[in-house]
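Per this note's numbering, residue 349 is the first one in the sequence shown, and the count goes up by one each step. Beneath this line is the structure, given in structure tokens, with notes to follow.
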Amino acid sequence: MVLAAGISSMGVIADSTAVVVGAMLIAPLMTPLMAMALSLVVGWPVRLGYATLVALLGVLLAIGAGVLLG
Numbered sequence: 349m350v351l352a353a354g355i356s357s358m359g360v361i362a363d364s365t366a367v368v369v370g371a372m373l374i375a376p377l378m379t380p381l382m383a384m385a386l387s388l389v390v391g392w393p394v395r396l397g398y399a400t401l402v403a404l405l406g407v408l409l410a411i412g413a414g415v416l417l418g
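Here is the structure:
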């Protein structure tokens, strides 16, 4: 997540849309988001909580890395 945040920060600084999109491709947040969707459909509240926590921590980590790099 830190690597993706660093790449996207450099892409914003360089004003390069392609680099920002490339950073989105390597960000590992798709798995927790898919886990949230599956647990909502199947009705697994405990797994929904775990997936939400992982996604939230990933987003906070990316924001923190972006603030430090900025």
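Glycine included, every Cβ here is placed at the ideal spot set by N, Cα and C.
Measure the alpha-carbon distance for residue i versus residue j and round it to whole angstroms.
i	j	result
Y291	V390	This structure gives no information on residue 291, because the portion of the chain shown stretches from 349 to 418.
A410	L404	10 Å
M372	T400	19 Å
M378	G418	25 Å
V415	P380	23 Å
Helix, strand or coil: which one does DSSP assign to residue i?
i	result
L377	coil
A362	coil
G391	coil
M384	helix
M349	coil
A418	Looking at the sequence provided, one finds Gly at residue 418 rather than Ala. Three-state DSSP puts G418 in coil, outside helix and strand.
By Cβ distance, which residues of its chain are closer than 8 Å to residue i, with the 5 residues on each side in sequence left out?
i	result
V360	V368
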